[in-house]
């Protein structure tokens, strides 16, 4: 399935000369396709929301939980492809999809894995330059803060 996504991207790139920006809907679908073993996590997510729209950031938390869980299980074979996709979306995404990936996926990975014995730094192994820069920026925003409310207040200058 992941190969079909890459082939579709290459076809669009060949036709237009460049890959058009990835929007938030495409970003979520590409992430779902890239996380090839997400089935159980995804099903649990769907059951929890009982058909209601969970919102994009709740969807991204499923990807973050999946990646942390896969790392914990030692099942990281797909991480290179997944983090390459994350890099591509940070570089080629719209502002909305870029924010969704950085705040929704990367920040959630940091927060979830910070409570694990292995910590959040283990994920930098698979990160490309722009992803690593975004990861570092997320960490910088949390320095001296103890809650999401603190981060939001600081960003709003309050």
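In the working numbering, the protein residues as written are 18 to 175.
Each residue gets a CB set at the ideal place from its N, CA and C atoms; glycine is no exception.
Cβ-Cβ distance between residue i and residue j below 8 Å
i: residue 41; j: residue 117; result: yes
i: residue 98; j: residue 127; result: no
i: residue 152; j: residue 142; result: no
i: residue 147; j: residue 108; result: yes
Cα-Cα separation, residue i to residue j
i: residue 60; j: residue 54; result: 11 Å
i: residue 48; j: residue 145; result: 16 Å
i: residue 75; j: residue 44; result: 14 Å
i: residue 125; j: residue 82; result: 8 Å
i: residue 114; j: residue 134; result: 30 Å
i: residue 39; j: residue 64; result: 28 Å
i: residue 106; j: residue 77; result: 14 Å
i: residue 102; j: residue 170; result: 31 Å
i: residue 110; j: residue 172; result: 22 Å
i: residue 66; j: residue 72; result: 10 Å
Beta-carbon proximity list for residue i, same chain, < 8 Å, skipping 5 on both sides
i: residue 139; result: 88 and 130
Neighbourhood of residue i by C-beta, 7 Å cutoff - its chain only, sequence neighbours within 5 removed
i: residue 80; result: 48, 52 and 122
Residue i Cβ short of 7 Å to the ligand FMN heavy atom set
i: residue 104; result: The ligand FMN is not part of this structure, which contains no ligands at all.
Cβ shell of residue i (< 6 Å), same chain only, five flanking positions each side left out
i: residue 62; result: 79
Reduced DSSP secondary structure (H/G/I, E/B, other) of residue i
i: residue 79; result: helix
i: residue 160; result: coil
i: residue 53; result: coil
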